[in-house]
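Counting in our numbering, the sequence shown runs from 37 upward without gaps.
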Amino acid sequence: MNRLKSLFASLTGLVVIASLPAAVVAMSPAAAEHRHSETQSMLHLYVGQAHLLNTGPLRRIAVGNGRVIQATSLDDRQVLVIPEAAGQSTLHLWPRDGLERSYVVNVIPADVSRLLTEIRALLGDQPNLGSRVVGDKVVIEGHSVSEEQAVRIAEIGSRYPQIVNLVSKVGLEKMVEMDVRMIEVRRDALQNLGIRWAPTANGPAFGVVGDTYRGAAFSKGIAAGAAGTTVASAAAPFAASLGVAATFKSVLHMLVQNGDAVILAEPRLACKSGGSARFIAGGELPIPFSAGFGATSVAFKEYGVKFDISPVTGANGVIAAKVATEISAIDFEVQVNSIPGLTKRRAETEVNLRENETLVIAGLLSEETSRNVDRVPALGELPILGKLFRSRLFRDRQTELVVFVTPRLVSEDPHLARAHAIERRNHAQDLRELLRMVD
């Protein structure tokens, strides 16, 4: 009897459930919420915009915050969403034959939207950069940006205070190695180096020469290099003459071997892209001054050779560099309380060089500087300049101090870096042999 009652109760329950209407058979609120969340989407609109949603026939529309957006059904297949004010609202749509669709609508002010469009146009198509609106700000995000990209983003940020820069510079910066050669060169030989000189008034002059070129040293009767040409130089090698082509480094070695040039110093500077490097060789001139209450203090002024460089690598392989060279010496023509002054010649330039192109700086020392060597014998003991000042040819104005700057990118490939190191060692060995031959 008990078994029959239990079976009857079970059958009765099944009949009751089967007889419920379809709306009642719907899932529990928790399950329905989970089901609705599967179709939730995000909408980003700005004030003044009209946005259409293709929905199909709808049973009902609900707006969470009527002050932020208004929604109207059109021809039973589309919904027109009009943002009214900045803020956030939800939008719920119930199709007649489908699941509920819900949206989270973020509305931003119109000026921020225009700003976002401008920022994206300024940034261009950069796969590692992105921009989006957060509140009333435009956030720029990215990773592993180059120095060129970082400079552009910083420039954009300085013009738009609403920008938040969240760009991270991940990874190592490219390293740039600068081979600097300070050489005493005979003036007549300097004209045969194939250098493209920039037009300049009396004072320091700048020029650029390619890594491989044809100069008068390799072709008799053919003038190489012309005064008055621009500093800009093509990266492609120049045409060879008589079947002979040589690197600029080889020509310098030949000049040294022939006695037309003397290498004074070859510092090698390295720094990361966007950084700076400095080379200083010289001395300090003590200058006493009154410190008050009858006390005397001493300040020291540096003189000699100073070389500063700040390279930035570009995406196209061009190295943009700021180069500043200063040479100063003691000048007894100007004295205050028997304390000599300093004569300075400073050259600054900004150039674009490709790897292995050479920037040439000349005219850093004047005739008056060479005359002071007889008055100040200590000048002959200065690093780099001392050997130059002791040179009879320099005193007779037959030679000139010339600075050659050649940039190279430090390779991240360990095998290529090792090959470059071997090349530098071989170059140093060849140079020592040449110097022994000259001596």
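Note that CB positions come from ideal geometry on N, CA and C, so glycine has one too.
Beta-carbon proximity list for residue i, same chain, < 6 Å, skipping 5 on both sides
| i | result |
| --- | --- |
| T379 | A365, D367 |
| P57 | Residue placement at P57 is poorly supported in this model, since its pLDDT is 32, which falls under 50; the coordinates still yield a value, given next. Same-chain partners within the cutoff: there are none. |
| A98 | H128 |
| P93 | D112, R132 |
| S312 | S346 |
| I192 | L158 |
| V169 | I144, V148, L152 |
| E391 | R444, L445 |
| Y139 | S77, L79, L127 |
| V298 | E220 |
| G377 | D367, V370 |
| H87 | L81, V117 |
| P65 | Its pLDDT being 42, under 50, P65 is placed unreliably by the model, and nothing is read from it. |
| L110 | L116 |
Under the three-state DSSP convention, the category residue i falls into
| i | result |
| --- | --- |
| F329 | coil |
| L110 | strand |
| G102 | coil |
| L400 | coil |
| K423 | helix |
| E120 | coil |
| S346 | strand |
| G193 | helix |
| S309 | coil |
| T361 | strand |
| D224 | helix |
| R156 | helix |
CB contact flag (residue i, residue j, <8 Å)
| i | j | result |
| --- | --- | --- |
| I340 | I316 | The question names Ile, but residue 340 is Gly in the sequence shown. Their beta carbons are under 8 Å apart, which means G340 touches I316 by this criterion. |
| L79 | V141 | yes |
| R489 | F440 | Limits of the chain in this structure are 37 at one end and 475 at the other, which puts residue 489 out of reach. |
| A107 | V83 | no |
| V498 | V104 | Outside the displayed span of the chain (37 to 475) sits residue 498, for which this structure offers no information. |
| V6 | E436 | The chain is shown from 37 up to 475; residue 6 falls before or after that span and cannot be answered. |
| I397 | R381 | no |
| F336 | E320 | yes |
| E177 | G166 | yes |
| R156 | W130 | no |
Candidates the options, of which the one nearest residue i by Cα
| i | options | result |
| --- | --- | --- |
| E302 | V117, T442, I97 | T442 |
| R444 | I345, A86, S326, M211 | M211 |
| L478 | D172, A356, E369, R156 | This structure gives no information on residue 478, because the portion of the chain shown stretches from 37 to 475. |
| E338 | T332, F325, G318 | G318 |
| Q359 | N352, E369, V370, P347 | It is worth fixing the name first, because residue 359 is Val in this sequence and not Gln. The option with the nearest alpha carbon to V359 is P347. |
| L135 | T91, K342, D215 | T91 |
| A146 | D172, V200, G166, W130 | D172 |
| K308 | S326, A383, V446 | V446 |
| L400 | V117, A297, V438, Q371 | V438 |
| E154 | G328, Y196, Q76 | Y196 |
| G100 | Q124, L116, S109, S77 | Q124 |
| G353 | V187, S182, G330 | S182 |
| G310 | Q162, Q114, V187 | V187 |
Buried or exposed by the 16-neighbour rule on C-beta atoms within 10 Å, applied to residue i
| i | result |
| --- | --- |
| Q434 | exposed |
| A225 | buried |
| L202 | exposed |
| P324 | exposed |
| M137 | The sequence as given places Arg at residue 137; Met does not occur at that position. Classification of R137: buried, given that the 10 Å Cβ count is 16 or more. |
| G295 | exposed |
| F430 | buried |
| T361 | buried |
| E18 | Nothing about residue 18 can be read from this structure; the chain reaches only from 37 to 475. |
| T332 | exposed |
| H289 | buried |
| L501 | Nothing in the structure corresponds to residue 501, since the chain is present only between 37 and 475. |
| Q185 | buried |
| S374 | exposed |
| S269 | Bear in mind that the predicted position of S269 carries a pLDDT of just 34, short of 50, making it too unreliable to give a figure here. |
| E393 | buried |
| V372 | exposed |
| D432 | exposed |
| V334 | exposed |
Close beta carbons around residue i, own chain, < 7 Å, minus the five adjacent residues each side
| i | result |
| --- | --- |
| Q85 | P119 |
| L300 | M218, I219, E220, I420, K423, L424 |
| S326 | T332 |
| P322 | V334, F336 |
Sequence-distant residues of the same chain with beta carbon closer than 8 Å to residue i, five excluded per side
| i | result |
| --- | --- |
| A306 | M211, V212, E213, M214, A313, V446 |
| V23 | Since the first and last residues shown for the chain are 37 and 475, residue 23 lies out of range. |
| N198 | Rather than Asn, the amino acid found at residue 198 in this sequence is Gln. So the list reads V148, L151, D172, K173, V174, once near-sequence residues are dropped. |
| Q114 | L88, L89, N90, T91 |
| S427 | E220, V298, T435 |
| A190 | N201 |
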